[in-house]
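Here the sequence shown is numbered in the working numbering, starting from 3 and rising by one per residue. Following: one structure in structure tokens, then a few remarks.
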Amino acid sequence: MTPASPPGRTLLSAKELAFLLVTVLFWAAFVIVLGKDTSWDFRNYHWYAPYAFLTHREAIDVVVAHQASYYNPFLDIPFYWLATHTHAWIALGVLGAVQGANVVPLYLIAREALRIPDREIGAGALALLGQTGALTLSMFGTTYYDNVMSVFVLTGLAILVVGRQTLRSGTPLQAAGLAGAAGFVTGCAMGLKLPEMPYCVGFAAALLALGGSLRQQSVRLIAGGIAGLLGVALFSAWWMLHMKGLTGNPLFPYFNEYWHSPLALNSPYRDMRFIPFHFWRQVLFPILFSVDWHVANDLSYQDIRIMVAYLTVIPAILIWLARRQNRDALTDSPVTLIVFAFAAVSYFVWLRFFAIYRYIILLEMLAPTLTVMAVGLFPLARRTRYLILGALCFAVLVTARSDFLERAPVEDPYVQVAMPPIPHPDRTMVLMTGDAPMGFIATTLPPQIPVLRIDGWMVQPRDGSGLTRQMRARVSAHRRAGGDLYLIADATDMGRARDALADYGLAIRWTECQQFDTNIAGTYQWCPLSGKP
3 MTPASPPGRT
13 LLSAKELAFL
23 LVTVLFWAAF
33 VIVLGKDTSW
43 DFRNYHWYAP
53 YAFLTHREAI
63 DVVVAHQASY
73 YNPFLDIPFY
83 WLATHTHAWI
93 ALGVLGAVQG
103 ANVVPLYLIA
113 REALRIPDRE
123 IGAGALALLG
133 QTGALTLSMF
143 GTTYYDNVMS
153 VFVLTGLAIL
163 VVGRQTLRSG
173 TPLQAAGLAG
183 AAGFVTGCAM
193 GLKLPEMPYC
203 VGFAAALLAL
213 GGSLRQQSVR
223 LIAGGIAGLL
233 GVALFSAWWM
243 LHMKGLTGNP
253 LFPYFNEYWH
263 SPLALNSPYR
273 DMRFIPFHFW
283 RQVLFPILFS
293 VDWHVANDLS
303 YQDIRIMVAY
313 LTVIPAILIW
323 LARRQNRDAL
333 TDSPVTLIVF
343 AFAAVSYFVW
353 LRFFAIYRYI
363 ILLEMLAPTL
373 TVMAVGLFPL
383 ARRTRYLILG
393 ALCFAVLVTA
403 RSDFLERAPV
413 EDPYVQVAMP
423 PIPHPDRTMV
433 LMTGDAPMGF
443 IATTLPPQIP
453 VLRIDGWMVQ
463 PRDGSGLTRQ
473 MRARVSAHRR
483 AGGDLYLIAD
493 ATDMGRARDA
503 LADYGLAIRW
513 TECQQFDTNI
523 AGTYQWCPLS
533 GKP
């Protein structure tokens, strides 16, 4: 039996700092080499949302980016500002460095957990393995930001792990300070992106898993909860109040069956395609989405690491509850309990509310550490457990497949559109139709031109919503004033455009249509419109 390694120092050595710095710089360079993100969401709203907020387009444009037109733009502003005020490669490099910074909390959690010789090497291996998951790799350099929010959440978890002794045995003020710091950064993640909510519940479970007296637990939960709410409020309170005043629904258009905004239908507007409702489908969900990515995601990938963690953590918990765990565990028991509680509760809440794999990219990163913790509890010889972990690691690596999203060359300006000339921009209105992501195109039009998406995921010409009534009135008024009307539509979706415009009493002047492209992706049509004969 190899004796368990002592916890050791908390501060990082020069070699550890160098390892983390080199890793972050590597991912920054990796993203620059990959090129610009051309994903659906980037073209739809990640470029348009900050532009619309910073240029006050909310009273001018309507539903340009479908439901995402009303998302909190604060998360997108830093990258948009960098990409419009510096060079494209600088913006991409900074984004890659931030996403690569997940290595720091991953390393700290693993280093604190491992009880093996040369635990720093083991922690480094787990941190790197956590950053090479199939979807994690695919999302480097993209503006989905799930792997940016993970930096916040993993940092909060790392604070709990590193400061566990103080949180459990320190003075109430010390415990409250650490719990508050961890809660605040975790709450910031939810404030910037609401789908991070499951991790806030998981964070509360981790606070409870620290144990201690009722008084100690109460201090941690109250401090962590209040600080978490402050983090949420910092980045979302103003926007929710703004949306409430603008639309009548602070989460517009979501959950409108409760808020009843007159601008939208009494519908939840949630994406519930992937949520499993049958019991056995819920139980087998990690196996199902590991076999077929369509079960839980729109982005293709192949990775079994969450499934492996799921299938090892469950028996490990049962062994632990039966008090049959190995006394020569590979990881520290308090750390294991904290991470198990966080991951299990976060996963369960995610399963009930979202079930979209991209939203648990953090668990893909944490899965190698979870697996080591789980197998480390098995009542087997240390050598046997090492062999099992080696086999599982090999299986994860050889079966993983990253389908990198299409990228565009790194060139300035970041977004450029070869738009045909617009003779009279001061009296022009542009209509969009179809589901295609075209928000980024709207950012290149003259600022005086309003853009209305009369047909798409959120609204259709005959849906009877308040937004559609407003757009019909605006189009009619523009026509009465003698203004010019133009259509922007995906070049492959002109049939739908014709039908949507017919519902507005408009027709495409087909012989005057011009096709144009962009330096991001896609081919689009620019067509003048007239009243139906």
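Beta carbons are placed, not taken as given, at the ideal position from N, Cα and C, and that holds for glycine.
- Between the alpha carbons of G143 and F356 lies a distance of about 23 Å.
- Contact between A103 and V26 holds: their C-beta atoms lie close to 6 Å from each other, under 8 Å.
- Comparing alpha carbon positions, the residue from T373, F237 and W352 closest to I277 is W352.
- The continuous stretches of alpha helix (DSSP H) do not include Q516, which lies in the beta strand (DSSP E) extending over residues Q516 to D519.
- Fewer than three pairs of CB atoms, one per stretch, sit closer than 8 Å, so the region 489-499 makes no contact with the region 381-393.
- A check of alpha carbon separations from D300 across Y73, D405, G189 and G95 identifies D405 as the nearest.
- For secondary structure counted as the alpha helix (DSSP H) over 4 or more consecutive residues, the region 195-251 holds these complete runs in sequence order: 199-211 and 216-249.
- Residue pairing from DSSP places A509 in a beta bridge opposite S532.
- Pairwise C-beta distances place the region 149-165 out of contact with the region 47-58, as fewer than three of them are shorter than 8 Å.
- Counting along the chain, V432 sits inside the beta strand (DSSP E) bounded by residues T430 to M434.
- Classified as buried, V341 has 16 or more neighbouring CB atoms from the shown chains inside 10 Å of its CB.
- Scanning its chain for C-beta atoms nearer than 8 Å, with the 5 sequence neighbours on each side dropped, one finds around V100 the residues V150 and V153, in chain order.
- Within the same chain, Cβ atoms closer than 6 Å to the Cβ of L139 are found at S404, the five residues on either side in sequence being excluded.
- Assignment of V419 by DSSP, reduced to helix, strand and coil, places it in the strand class.
- About 18 Å separates the beta carbons of A30 and G126, which is beyond the 8 Å limit, so they are not a contact pair.
- By the 16-neighbour rule on beta-carbons within 10 angstroms, M274 is exposed.
- In this chain, the alpha helix (DSSP H) harbouring V33 covers A16 to L36.
- In the displayed model, A331 falls within coil according to three-state DSSP, outside both helix and strand.
- The C-beta separation of E18 from E122 comes to about 6 Å, placing the pair in contact by the 8 Å criterion.
- Taking the CA atoms as reference points, W459 sits about 6 Å from D437.
- If you check the CB distance, N268 and E413 do not come in under 8 Å.
- In this structure T333 touches V374 by the C-beta definition: roughly 6 Å separates them, less than 8 Å.
- Under the 8 Å Cβ criterion, the region 423-440 counts as touching the region 456-475, having at least three qualifying pairs.
- Taking all protein chains shown into account, R409 has 16 or more neighbouring C-beta atoms within 10 Å of its C-beta and is therefore buried.
- With respect to the 8 Å criterion, S263 and N74 are not classified as neighbours on the basis of their beta carbons.
- R409 is bridged by DSSP to D39.
- For the set P449, M309 and A444, the Cα lying nearest the Cα of L394 is the one of M309.
- Restricting attention to alpha helix (DSSP H) runs no shorter than 4 residues, the region 112-150 encloses them at 121-132 and 136-141, ordered along the chain.
- Three or more Cβ pairs drawn from the region 183-195 and the region 230-237 lie within less than 8 Å of each other, which places the two stretches in contact.
- Exclusion of the five residues before and after C529 leaves L489, I510 and C515 as the residues of its chain whose Cβ lies within less than 6 Å of its Cβ.
- Residue burial is scored here from C-beta neighbours: L175 has fewer than 16 other C-beta atoms within 10 angstroms and is therefore classed as exposed.
- A491 has Q527 as its beta-bridge partners, per DSSP.
- With fewer than 16 other beta carbons inside 10 angstroms of its own, W282 counts as exposed.
- Only residues of its own chain outside the window of five on either side were considered, and among them V65 have a CB closer than 6 Å to the CB of S71, listed in chain order.
- One alpha carbon belongs to T446, the other to V477, and they sit about 21 Å apart.
- Here the alpha carbons of F287 and D294 stand approximately 10 Å from one another.
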